[in-house]
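Colleague: If you scroll down you'll find the structure; I have some questions about it.
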Amino acid sequence: REGMRFTDAHSPSSVCTPTRYSVLTGRYAWRSWLKNWVVQQNHPLLIDTERLTMGKVFQNAGYTTGCVGKWHLGWGTELDTSFNGEVKPGPLEVGFDSFFGVPFSHNSGKKLQVYMRDRSIVNLKPGLDYDSDEAMKATVRKLEDTAIELSKEAVAFVGKNRDKPFFLFYPTTNIHFPLTPNSRFFGSTKAGVYGEFVVEFDWAVGELLAALDRHGLADNTIVVLSSDNGARPHEDLNSHPCNGPWRGTKRQIYEGGHRVPLIVRWPGKIKKGSVSDEVVCLTDFFATFAATLEQPVPASAGEDSYDLSDVLLGRSYERPLRQATVHHSVSGQFAIRKGEWKLIEGGGDGDFPWNSKGKKDVKTKRPDRDPNTGKWTKMDYFRLDHDGNFQLYNLGIDPKEKDNLADQRPEIVEELHSLLNHYRASGRSLPLEQVDGVND
Numbered sequence: 103r104e105g106m107r108f109t110d111a112h113s114p115s116s117v118c119t120p121t122r123y124s125v126l127t128g129r130y131a132w133r134s135w136l137k138n139w140v141v142q143q144n145h146p147l148l149i150d151t152e153r154l155t156m157g158k159v160f161q162n163a164g165y166t167t168g169c170v171g172k173w174h175l176g177w178g179t180e181l182d183t184s185f186n187g188e189v190k191p192g193p194l195e196v197g198f199d200s201f202f203g204v205p206f207s208h209n210s211g212k213k214l215q216v217y218m219r220d221r222s223i224v225n226l227k228p229g230l231d232y233d234s235d236e237a238m239k240a241t242v243r244k245l246e247d248t249a250i251e252l253s254k255e256a257v258a259f260v261g262k263n264r265d266k267p268f269f270l271f272y273p274t275t276n277i278h279f280p281l282t283p284n285s286r287f288f289g290s291t292k293a294g295v296y297g298e299f300v301v302e303f304d305w306a307v308g309e310l311l312a313a314l315d316r317h318g319l320a321d322n323t324i325v326v327l328s329s330d331n332g333a334r335p336h337e338d339l340n341s342h343p344c345n346g347p348w349r350g351t352k353r354q355i356y357e358g359g360h361r362v363p364l365i366v367r368w369p370g371k372i373k374k375g376s377v378s379d380e381v382v383c384l385t386d387f388f389a390t391f392a393a394t395l396e397q398p399v400p401a402s403a404g405e406d407s408y409d410l411s412d413v414l415l416g417r418s419y420e421r422p423l424r425q426a427t428v429h430h431s432v433s434g435q436f437a438i439r440k441g442e443w444k445l446i447e448g449g450g451d452g453d454f455p456w457n458s459k460g461k462k463d464v465k466t467k468r469p470d471r472d473p474n475t476g477k478w479t480k481m482d483y484f485r486l487d488h489d490g491n492f493q494l495y496n497l498g499i500d501p502k503e504k505d506n507l508a509d510q511r512p513e514i515v516e517e518l519h520s521l522l523n524h525y526r527a528s529g530r531s532l533p534l535e536q537v538d539g540v541n542d
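For the working numbering, add 102 to where a residue sits in the sequence shown, where the first one is 1.
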C-alpha cells in the first residue's frame with residue numbers, strides 16, 4: 103500500500119549465496135569462482151575486495167554503511183581460514199563500516215553457530231580455539247533467539263546513525279531452515295512452525311519500520327523488501343502454497359525457484375499502491391542506487407545491473423527495461439528469459455543431481471570431502487553438463503511451464519541460446535553503451 107509491488111521480479115539464483123553476491127555487486131555470481139551451490143564454512147570471501155560493491159557506492163557518496171544478519175559470503179583468503187582472533191577479509195573489506203550477524207547460514211554446524219561483530223566472534227575468550235568445547239559454551243547462539251538479536255542490532259544501527267545518511271543491508275535468517283521461531287510467536291498462525299517463522303520475520307520488518315518512524319526518517323528512506331529465492335519444498339505448511347502458482351521450488355530452475363516478492367517504498371517519490379509488471383532482477387539495485395546517488399559505475403562493475411529508476415519513479419521508458427535476464431539453479435543449470443520466452447538449457451529442474459528425479463544420466467561430479475574432517479576440499483563441488491536438451495516456455499500463455507515448445511520453435515531456441523552464450527562469453531549482460539562514460 104505504501105510503495106510499488108513487482109509481479110515479475112527475480113532473484114539471479116535459486117539459492118542464497120549467489121543471489122546476495124549479485125545484489126551487492128550487480129554481477130551474476132556464476133561469473134565468480136562459485137559456479138554452483140553456495141559458500142561452505144571453510145570457503146574464502148567470494149567478493150573480490152578490489153571490486154566496486156553496493157556498500158562502496160554508498161561509502162563513496164558519504165553514507166555510513168552496515169550489514170546486520172546472515173553473511174554467508176565467505177571469510178578470509180584461503181580454504182579453512184581460522185576464526186581465532188580477527189578474520190579478514192570479510193564484510194568490512196567490501197563496503198561495510200560495521201557488521202553484526204551470522205557468519206554463514208542459519209543451519210551452520212555448532213562450531214560456527216555464532217555471532218560475529220565486525221571481524222571477530224562475539225564472546226570468544228582470548229587464547230581459546232573457536233571450535234573448542236570450552237569456547238563454544240560462550241559463543242554458540244540460540245537459534246530461537248537469532249531473529250530477535252538481529253532485530254535489536256538493526257534497530258540500534260538506525261538509531262545510532264539517525265543524524266547522517268546511512269545504508270543498512272539486512273539479510274535476515276528467516277525464513278531459512280531450520281525453522282526456529284521464538285516462543286513468543288508460537289500459535290500465531292495456522293500454517294505451523296513455518297508460518298510462525300514467517301510471522302517472526304514480519305515482526306522484525308515492523309520493528310525496523312517503527313524505528314524509522316520513531317526517528318522521523320521514514321519519509322526520507324528507501325526500503326526494499328525481497329527474498330534470496332523461492333520457498334523451500336517439503337515444509338509442513340498446512341496446505342499454504344508459498345510459491346503460489348509457479349512450478350518448482352528453491353534450488354530449481356523453474357519460476358518457483360527464482361520468482362520472488364519485491365516491494366519498494368520511497369515516500370514522495372514512488373507512487374503509493376503502484377504495481378509494476380516489468381521483468382526485473384535483484385542485481386538491478388546496484389545500478390539503481392548508484393544512479394540515485396549520482397555515483398559513476400565503471401565498465402568493470404555492475405556488469406549485469408540495469409537502472410530501475412524510470413520504473414520506480416513512474417517515468418516513461420522504452421520497454422522492456424532489460425534486454426534479457428539469466429536464471430541459475432543450485433546445480434549450475436542456466437535459463438534465459440527474454441520477453442515472454444524462457445529457455446532452459448538442459449532437461450530436468452536444475453536441483454541437486456542426486457536429489458532430482460529423472461537425472462540418472464546427467465554427468466555430475468559429487469562434492470569432494472576430506473574423509474577425516476568432513477570438510478569440502480574444493481570450491482567447485484560438482485559439474486552439471488548440458489545434456490543437449492532444451493526446454494522452451496511461453497510464460498505469457500503458459501506461466502506454469504507445462505508445455506515445452508523447444509521442438510516447435512527452434513528459431514526461438516537458437517536466438518535465446520545464442521544470447522545466453524554471448525552473455526557468458528562477454529562477461530556482461532548490460533550493453534556497454536549503457537555504461538557511464540563509455541561513449542563520452
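Every residue, glycine too, gets a C-beta built ideally from N, C-alpha and C.
Could you compute how far the alpha carbon of E325 sits from the alpha carbon of F108?
Modeller: First, the residue type needs correcting, since residue 325 is Val and not Glu in the sequence shown. In a straight line, the C-alpha of V325 is about 14 Å away from that of F108.
Colleague: Tell me whether the beta-carbon of D321 lies closer than 9 Å to the beta-carbon of G370.
Modeller: Yes. Within cutoff.
Colleague: What alpha helix (DSSP H) runs, 4 residues minimum, are completely inside the segment 144–208?
Modeller: DSSP runs (the alpha helix (DSSP H)) wholly in the segment 144–208: 156–162.
Colleague: Could you check the C-alpha separation between R153 and V399 for me, to the nearest Å?
Modeller: One C-alpha to the other measures close to 11 Å.
Colleague: Give the range of the alpha helix (DSSP H) segment to which R439 is assigned.
Modeller: Careful: R439 lies outside any alpha helix (DSSP H), inside the beta strand (DSSP E) at F436 to K440.
Colleague: Which complete alpha helix (DSSP H) runs does the segment 399–427 hold, if anything under 4 residues is left out?
Modeller: Here the runs fully enclosed are 411–414.
Colleague: Distance check for L384 and D110, CA to CA, integer angstroms please.
Modeller: D110 and L384: Cα-Cα distance of roughly 11 Å.
Colleague: On the premise that K444 lies in contact with L497, defined as a C-beta separation below 8 Å, what is that separation, rounded to the nearest angstrom?
Modeller: Indeed, because the Cβ distance is near 6 Å, the residues count as touching under 8 Å.
Colleague: Go through the segment 297–358 residue by residue and report every complete run of the beta strand (DSSP E) that reaches 3 residues or more, in order.
Modeller: The segment 297–358 contains these whole beta strand (DSSP E) runs: 325–328.
Colleague: Do H174 and T119 come within 9 Å of each other at the CB atom, strictly closer than that value?
Modeller: Cβ distance < 9 Å, so T119 and H174 count as in contact.
Colleague: So the beta strand (DSSP E) V260 belongs to, where does it begin and stop?
Modeller: It is not in any beta strand (DSSP E) - V260 instead sits in the alpha helix (DSSP H) that spans T248 to K262.
Colleague: DSSP three-state label for K444, please.
Modeller: Note: K444 maps to strand in three-state DSSP.
Colleague: Rounded to the nearest angstrom, what separates A333 and S210 at their Cα positions?
Modeller: Using only the alpha carbons, I get a separation of about 19 Å.
Colleague: Express the C-alpha separation of S124 and A131 in angstroms, rounding to a whole number.
Modeller: About 6 Å.
Colleague: Residues in the same chain with beta-carbon distance under 8 Å from S328, minus the five sequence neighbours each way, listed in chain order, please.
Modeller: Hits under 8 Å: A111, S113, V362, P363, L364, I365 and L384.
Colleague: Which residue comes first and which comes last in the alpha helix (DSSP H) that contains F387?
Modeller: Segment D386 to T394, the alpha helix (DSSP H) holding F387.
Colleague: For N284, name the three-state secondary structure that DSSP assigns.
Modeller: The answer is coil: DSSP assigns N284 none of H, G, I, E or B.
Colleague: Can you tell which of K137, V117 and T291 has the C-alpha that lies nearest to the C-alpha of S207?
Modeller: Cα-wise, what sits closest to S207 is V117.
Colleague: Check whether the segment 282–289 and the segment 182–192 are in contact - that is, three or more C-beta pairs closer than 8 Å.
Modeller: Result no; under three Cβ-Cβ pairs closer than 8 Å.
Colleague: At the level of alpha carbons, what is the spacing between K158 and D505?
Modeller: Going by the C-alpha atoms only, they are around 44 Å apart.
Colleague: Pick from Q510, G452, I446 and E513: whose alpha carbon is nearest that of N85?
Modeller: Limits of the chain in this structure are 103 at one end and 542 at the other, which puts residue 85 out of reach.
Colleague: Using only the alpha-carbon positions, how far apart do E251 and T394 sit?
Modeller: When rounded, the distance between both Cα atoms is 31 Å.
Colleague: Residues in the same chain with beta-carbon distance under 6 Å from L126, minus the five sequence neighbours each way, listed in chain order, please.
Modeller: Counting only Cβ-Cβ distances below 6 Å, and skipping sequence neighbours, we find T155 and M156.
Colleague: Tell me the rounded alpha-carbon separation between L494 and F202.
Modeller: One C-alpha to the other measures close to 43 Å.
Colleague: Could you say which of W305, G450, L226 and A313 lies nearest to R264 if we only look at CA atoms?
Modeller: Considering only alpha carbons, the answer is A313.
Colleague: For L181, which option in G164, V216 and W135 has the closest C-alpha, if you only look at C-alpha atoms?
Modeller: With distances taken between Cα atoms, L181 lies closest to W135.
Colleague: Among L245, N162 and R103, which has the Cα closest to the Cα of Q397?
Modeller: Answer by Cα proximity: N162.
Colleague: Note the first and the last residue of the continuous alpha helix (DSSP H) segment covering Y525.
Modeller: Per DSSP, Y525 belongs to the alpha helix (DSSP H) from P512 to S528.
Colleague: Would you tell me roughly how many angstroms separate the C-alpha atoms of G318 and G261, rounded to the nearest one?
Modeller: Taking the straight line joining both Cα atoms gives about 11 Å.
Colleague: Going by Cα to Cα distance, which pick from Y408, R526, T291 and R417 is closest to V537?
Modeller: With distances taken between Cα atoms, V537 lies closest to Y408.
Colleague: Between K266 and the rest of its own chain, which residues show a CB-CB distance below 7 Å, the 5 nearest in sequence each way excluded?
Modeller: Cβ neighbours of K266 beyond the five flanking positions: T166.
Colleague: In angstroms, rounded to a whole number, what distance separates the CA positions of A256 and E516?
Modeller: Looking at the two C-alpha atoms, the distance is approximately 48 Å.
Colleague: Can you tell me which of G187, E195 and F279 puts its alpha carbon nearest to the alpha carbon of A237?
Modeller: Among G187, E195 and F279, the Cα nearest to that of A237 belongs to G187.
Colleague: Between Q290 and V301, is the Cβ-Cβ spacing less than 9 Å?
Modeller: Per the sequence shown, the amino acid found at residue 290 is Ser instead of Gln. Yes, the Cβ-Cβ distance between S290 and V301 is below 9 Å.
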